[in-house]
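What follows is a set of notes on a single structure, which appears directly below.
The structure is reproduced here in structure tokens:
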């Protein structure tokens with residue numbers, strides 16, 4: 168399946184290289200680097216060159232690439248590359264060029280265990296531990312003088328560097344609204360992932376805020392909440408029989424080690440919160456000029472959110488755009504002449520007042536069909552990230568363990584973020 172796997176630096180140097188099936192004789196790493204640096208357009212993550220398929224992922228200025236001469240699923244290979252990156256992160260904690268070069272021997276061990284003669288084998292860090300002999304060199308160990316530590320210093324370090332259980336809660340919203348304000352689609356997909364650095368066996372119980380589980384319109388016993396979760400997919404062995412009770416929870420008898428996806432869920436409907444209120448107005452002043460007025464406001468009470476980007480496709484006949492903002496602090500408007508797009512960016516969006524953009528669009532002279540030009544304006548697309556907010560309302564209330572000897576000393580971090588690249592409002 169996979170002919171080669173290699174990691175390139177931003178300068179084109181090979182940090183790791185494995186020719187797995189000995190069937191490619193070209194310098195594929197150099198071909199990829201030339202394609203990345205000297206191509207007139209952006210290089211796609213999957214392309215074919217001289218009968219060789221190149222599939223790569225860019226991460227922190229480096230390129231993780233697989234090549235193959237077979238016609239295989241590119242999405243499968245991309246997922247495998249992302250799993251390799253995650254395994255490397257589990258061992259090295261961070262991913263940068265310096266750390267990868269210091270752990271060169273470890274990387275070769277991992278690649279040899281994950282891929283055997285081009286066939287993916289195992290991508291779970293906990294299962295790979297028994298086969299890996301090298302000890303990772305971490306960032307805190309770089310440039311660290313070698314010296315003996317007293318017992319007191321050892322105890323202080325052991326408390327400071329206690330193993331952690333990190334819980335990442337990420338939601339992605341897809342929303343589409345008509346010109347008259349009617350909602351076309353409002354959907355949230357979420358994923359809960361964990362990074363368990365405690366290698367000793369431990370159980371875990373995760374309690375959730377009350378929610379309704381089932382399909383839309385289905386009668387549910389508990390009617391104390393408006394949160395309806397339509398689909399839940401649990402990716403590890405656990406007991407989920409109590410999800411539909413008044414205090415829903417999931418019991419994990421043996422928590423896996425390393426990074427893993429714990430749970431995926433989806434919900435949709437009109438009751439899902441809309442993070443931003445947007446109003447638009449278009450005025451045609453003449454045959455070669457129109458004004459676009461956009462007003463945006465955060466629907467949350469918190470004072471600041473950011474960053475937020477508003478993208479507005481302009482008509483093909485647009486020559487230039489003049490802009491006027493209600494507040495210039497932390498805001499920027501740019502017109503991309505080549506792509507015909509207006510970009511309105513916020514470093515931090517104030518949640519307590521309206522922000523307004525008045526964009527004067529100058530069109531090419533001699534236009535007769537203004538209705539066609541008007542139809543080319545928009546739709547407006549919002550891209551945002553909202554920390555510490557659950558759009559769907561689905562949330563973890565607490566995390567407990569019966570292993571009282573270990574878990575009280577474990578730092579439990581819950582990181583929550585909501586984002587969207589598909590918040591569409593028709594103009």
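In our numbering, the protein residues as written are 168 to 594.
Backbone N, C-alpha and C fix where the C-beta goes; we use that ideal spot for every residue, glycine too.
Of all the options 354, 193, 545 and 258, which has the alpha carbon lying nearest to the alpha carbon of residue 295?
Closest by alpha carbon: 258.
Segment limits, beta strand (DSSP E) that includes residue 247
From DSSP, residue 247 is part of no beta strand (DSSP E) but of the alpha helix (DSSP H) over 241 to 259.
Helix, strand or coil for residue 526? Go by DSSP, reduced to three states.
Under the three-state reduction of DSSP, residue 526 is assigned to strand.
So, with DSSP's three-state summary, where would you put residue 286?
Residue 286 falls in the strand class under three-state DSSP.
Is residue 205 helix, strand or coil by DSSP?
In the three-state reduction of the DSSP assignment, residue 205 falls in the helix class.
Is residue 232 buried or exposed, if buried means 16 or more other CB atoms sit within 10 Å of its CB?
Residue burial is scored here from C-beta neighbours: residue 232 has at least 16 other C-beta atoms within 10 angstroms and is therefore classed as buried.
Taking the Cβ atom as the reference point for each residue, do residue 195 and residue 234 lie within a distance shorter than 8 Å?
Yes, Cβ-Cβ distance for residue 195 and residue 234 is below 8 Å.
For residue 434, count neighbouring C-beta atoms within 10 Å of its own C-beta (all shown protein chains included) and say buried if the count is 16 or more, exposed if not.
Buried, because 16 or more other Cβ atoms sit within 10 Å of the Cβ of residue 434.
Could you name the residues of the same chain whose beta carbon sits closer than 6 Å to that of residue 461, not counting the 5 residues immediately before and after it, in chain order?
Its chain contains 447 and 524 as the residues whose beta carbon lies nearer than 6 Å to that of residue 461, once the 5 sequence neighbours on both sides are disregarded; these appear in chain order.
My assumption, with CB atoms under 8 Å, is that residue 526 sits in contact with residue 376. Please give the rounded CB distance.
Between residue 376 and residue 526 the Cβ distance is about 42 Å, and since that is not below 8 Å, they are no contact.
Cβ atoms of residue 419 and residue 403: under 8 Å apart, would you say?
Pairing residue 403 with residue 419 gives a Cβ-Cβ distance under 8 Å.
Would residue 594 and residue 548 qualify as a contact pair, given that the criterion is a beta-carbon distance under 8 Å?
No. Outside cutoff.
Buried or exposed: which applies to residue 211, given that a residue is buried once 16 or more other Cβ atoms fall within 10 Å of its Cβ?
A residue is called buried when at least 16 other Cβ atoms come within 10 angstroms of its Cβ; residue 211 does not meet this threshold and is exposed.
Pick out whichever of 340, 178, 299 and 356 has its Cα sitting closest to the Cα of residue 431.
With distances taken between Cα atoms, residue 431 lies closest to 356.
Could you give the uninterrupted runs of the beta strand (DSSP E) lying entirely in the stretch 463 to 521, keeping only those of 3 residues or more?
Listed in chain order, the complete beta strand (DSSP E) runs (minimum 3 residues) inside the stretch 463 to 521 are 475 to 480, 485 to 492, 498 to 503 and 508 to 513.
Per DSSP, residue 449 is paired with what?
Checking the DSSP bridge columns, you'll see residue 449 partnered with 459.
Could you tell me which residues DSSP puts in a beta bridge with residue 216?
Answer is 219, bridged to residue 216.
For residue 385, collect the residues of the same chain with a Cβ closer than 8 Å to its Cβ; drop the 5 residues on either side in sequence, then sort them by chain order.
Caution applies to residue 385, whose pLDDT of 46 falls short of 50 and renders its modelled position unreliable; the value that the coordinates give is listed next. Counting only Cβ-Cβ distances below 8 Å, and skipping sequence neighbours, we find nothing.
Going by the beta-carbon positions, is the gap between residue 481 and residue 528 smaller than 8 Å?
Taking 8 Å as the Cβ cut-off, residue 481 and residue 528 qualify as a contacting pair.
Through-space distance from residue 253 to residue 272, alpha-carbon basis:
Distance from the CA atom of residue 272 to the CA atom of residue 253, rounded to whole angstroms, is 17 Å.
Report back the beta-carbon spacing between residue 229 and residue 290 to the nearest angstrom; my notes put them in contact at under 8 Å.
About 19 Å separates the two Cβ atoms, so there is no contact after all.
CA nearest to the CA of residue 347, picked from 445, 568 and 237:
Nearest option by C-alpha distance: 445.
Using 8 Å as the threshold, is the C-beta distance between residue 554 and residue 512 below it?
Residue 554 places its beta carbon 8 Å or farther from that of residue 512.
Which stretch, first to last residue, makes up the beta strand (DSSP E) that contains residue 267?
Boundaries for residue 267: no beta strand (DSSP E) harbours it, while the alpha helix (DSSP H) harbouring it runs 264 to 269, taken from the DSSP string.
Which two residues bound the contiguous beta strand (DSSP E) that contains residue 537?
Not the beta strand (DSSP E): residue 537 falls in the alpha helix (DSSP H), residues 537 to 542.
Under the assumption that residue 341 contacts residue 352 (Cβ atoms under 8 Å), give the Cβ distance between them as a whole number of angstroms.
About 6 Å; that satisfies the 8 Å criterion.
Roughly how many angstroms lie between the CA atoms of residue 188 and residue 305, to the nearest whole one?
For residue 188 and residue 305, the distance between alpha carbons rounds to 32 Å.
In terms of alpha-carbon separation, which member of 396, 424, 406 and 409 lies closest to residue 363?
Nearest of 396, 424, 406 and 409 to residue 363, Cα basis: 424.
Residue 294, enclosing alpha helix (DSSP H) - first and last residue:
Following the DSSP letters along the chain, one finds residue 294 inside the alpha helix (DSSP H) bounded by residues 292 to 295.
Three-state secondary structure assigned by DSSP to residue 280
In the three-state DSSP reduction, residue 280 falls in the helix class (H, G or I).
To which residues of the same chain is residue 589 closer than 6 Å at the C-beta, ignoring the five residues directly before and after it?
Closer than 6 Å at the Cβ level, and outside the excluded window around residue 589, lie 341.
Among the candidates 206, 175, 417 and 201, whose CA atom is the shortest distance from the CA of residue 226?
Residue nearest to residue 226 within the set 206, 175, 417 and 201 is 175 (criterion: CA-CA distance).
As assigned by DSSP and simplified to three states, the class of residue 401
For residue 401, the secondary structure class from DSSP, reduced to helix, strand or coil, is strand.
Please classify residue 284 as buried or exposed, where buried requires at least 16 neighbouring CB atoms within 10 angstroms.
With a 10 Å radius around the Cβ and a threshold of 16 neighbouring Cβ atoms, residue 284 comes out exposed.
Does DSSP put residue 190 in a helix, in a strand, or in coil?
Of the three classes helix, strand and coil, the one that applies to residue 190 here is coil, per DSSP.
Under the three-state reduction of DSSP, which class applies to residue 584: helix, strand or coil?
Reduced to three states, the DSSP call for residue 584 is strand.
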